[in-house]
Structures are given as structure tokens and as C-alpha cells.
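The numbering of the sequence shown is my numbering, which starts it at 1028 and goes up by one. Heads up, the beta-carbon is just placed ideally off N, CA and C, and yes, glycines get one too. Working notes, structure below.
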Amino acid sequence: MAFHVPYSQRQTNSPVYIGFEAPRAHPRRRSNWWGLSGLLLSIAGLFTCGFFSPIALLISLIGLGRGPRRAAVAGTVISLAGMAIAASLVFGSVSNQMQHREMAKQAIQAKEFSHQVKQGEKLLASAVSELEGFRDEHNGSLPEAIDGNMLVIKYMDPWDQELRYDEGINRALVRSAGPDMRFDTDDDLTRQIKGDTDYEPLLPIDR
């Protein structure tokens, strides 16, 4: 039986296969090191709360341009998840910091408001004391509206507003406009002084 030896095999030092073709070499499997590196870094990024995930995402995106892409796709997905975790942590931290600052600001404002109210109360007490001196000098009679306001107008409350003198029946009120700087509102500060009056007020003063 005759055997045919291909001419190409005669010219080389490779083994000669008689009667059948030489075995074909299997193609070498390609490796996507970019994709694999991105996958490993994305997994490691989860242990750093996602702060390494942007680097892993960049490497994974480079790996997507090469084959095979499975590791690159997985690295991309995991990197995006890590970045979402990092973003939520940053947002929560900023939100908590802003809330803490707002609470501190409110606490300072409340402390300042309390201090201003105390100053306003002392100022009213000084004005009432002067009105009591007027009453004692005038046989228990309180001053009329114009005279009373002339006595208290020189007092400026902590909000830079003048005090007001309101007439009543056998009494009077010394009033501060309070923090809103508007008279006859709920935050007005008032002090009452009793005394004789021989007139009827135009409006009642129950506040």
C-alpha cells in the first residue's frame, strides 16, 4: 500500500505523518486582562464602600473593547453598584452635616432670643418703675396717653423699637413690639401698672 507524504512535510523538521493529515493546532484562548483586572478591582471597591469603584469602572470599560467581555461586563456592573453606594454615603454625610448645622443655628437663635426677651423684660421693669414714680408724685394717678408715651419713648427694646404706653381703666400697659417689631401681636412683651385714671380709653387693652 502506497503512502503519500505531503511535500510540505518533506521540507521541514516536523514529524512526518504518513497516510493522514497532520493534526491542526487548537487556537490559543485569548485572555482579557483589562476585564479581569476591572472585575477584581470592582469587587475590592465594595470593601472600600465604593470609593475605588471609579477606577475599576474605567478599567472595565477599557476591557469592554476587548474580548472576551464577560469579566468586563461583570466588573462594570459591580463598579456602578459600588459607585451608587459611595454616592449614597456621601449624600447622607452631607445631609447630616447640613442638618447638624441647622440645629446648631437654631440653638444659637433660641439662646439669643431668650437673652433678648430677658433684656426686654428688664427694660419694661425700668419703664414701669419710672411710671410708678410719676404715680407716687401725682397722688396715685397715672399719666395720660401723651405724657405716658413721653416717659417711655426713650426706652429702646432689644429689637431697636421704642416702647409704647397704653391707657386703661385704673391701669396702664407698657408694651414692647417684640421680635417681630410689630405692636399688638402675640409676641409683644407687656407690663401692667395700676393707678387712678379719670377718663375712659378709646379702645380696651386686654393684652
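To which residues of the same chain is L1107 closer than 7 Å at the C-beta, ignoring the five residues directly before and after it?
As a first step, residue 1107 must be located in the sequence shown, where it is residue number 80. L1084.
Whose CA, out of D1215, W1061, T1224, lies closest to the CA of R1097?
Position 70 of the sequence shown, counted from the start, is the residue given in the question as residue 1097. Here the closest residue by C-alpha is W1061.
Quick check on the DSSP output: the beta strand (DSSP E) that includes R1191 runs from which residue to which?
Here residue 1191 refers to the residue found at position 164 when the sequence shown is read from its first residue. Segment 1191 to 1194, the beta strand (DSSP E) holding R1191.
Excluding sequence positions up to five away, which residues of its chain have a Cβ less than 6 Å from the Cβ of L1091?
Against the sequence shown, residue 1091 aligns to sequence position 64. Taken in chain order, the residues that qualify are A1099.
Pick out the complete alpha helix (DSSP H) segments inside the segment 1052 to 1095, 4 residues or longer, and give them in chain order.
Counting only runs of 4 or more, we get 1060 to 1073, 1080 to 1091.
Going by C-alpha to C-alpha distance, which of R1202, T1212, R1198 sits closest to T1224?
Here residue 1224 refers to the residue found at position 197 when the sequence shown is read from its first residue. When R1202, T1212, R1198 are compared, the shortest CA-CA separation from T1224 is found for R1198.
In its own chain, which residues sit with a C-beta less than 8 Å from the C-beta of F1210, not counting the 5 before and 5 after it?
In the sequence shown, the residue the question calls residue 1210 occupies position 183. In the same chain as F1210, and ignoring 5 residues on each side of it, the C-beta atoms closer than 8 Å to its own belong to R1191, R1202, A1204, in chain order.
L1068 vs F1079 beta-carbon contact at 9 Å:
Here residue 1068 refers to the residue found at position 41 of the sequence shown. Here residue 1079 refers to the residue found at position 52 of the sequence shown. Using a Cβ distance threshold of 9 Å, L1068 and F1079 count as a contacting pair.
Please list the terminal residues of the continuous alpha helix (DSSP H) segment that includes R1097.
Numbered from its first residue, the sequence shown carries residue 1097 at position 70. In the DSSP assignment, R1097 falls within the unbroken alpha helix (DSSP H) covering 1097 to 1164.
With distances taken Cα to Cα, identify the nearest neighbour of L1088 among L1073, S1064, I1070.
For the purposes of this step, residue 1088 is taken as the residue at position 61 of the sequence shown. Residue nearest to L1088 within the set L1073, S1064, I1070 is S1064 (criterion: CA-CA distance).
Take G1175 and list the residues in its own chain whose beta-carbon comes closer than 6 Å to its own, dropping the five residues that flank it on each side.
One-based indexing of the sequence shown puts residue 1175 at position 148. A distance below 6 Å between beta-carbons, with the five flanking residues on each side excluded, links G1175 to the following residues of its chain, in chain order: Y1192.
For the alpha helix (DSSP H) holding A1199, just list the boundary residues, first then last.
Translated into positions along the sequence shown, residue 1199 becomes position 172. Note, A1199: premise wrong, no alpha helix (DSSP H); beta strand (DSSP E) at 1198 to 1203.
Going by the CB atoms, is the gap between P1185 and V1155 shorter than 9 Å?
Numbered from 1 along the sequence shown, position 128 holds the residue referred to as residue 1155. Numbered from 1 along the sequence shown, position 158 holds the residue referred to as residue 1185. Cβ atoms of V1155 and P1185: not closer than 9 Å.
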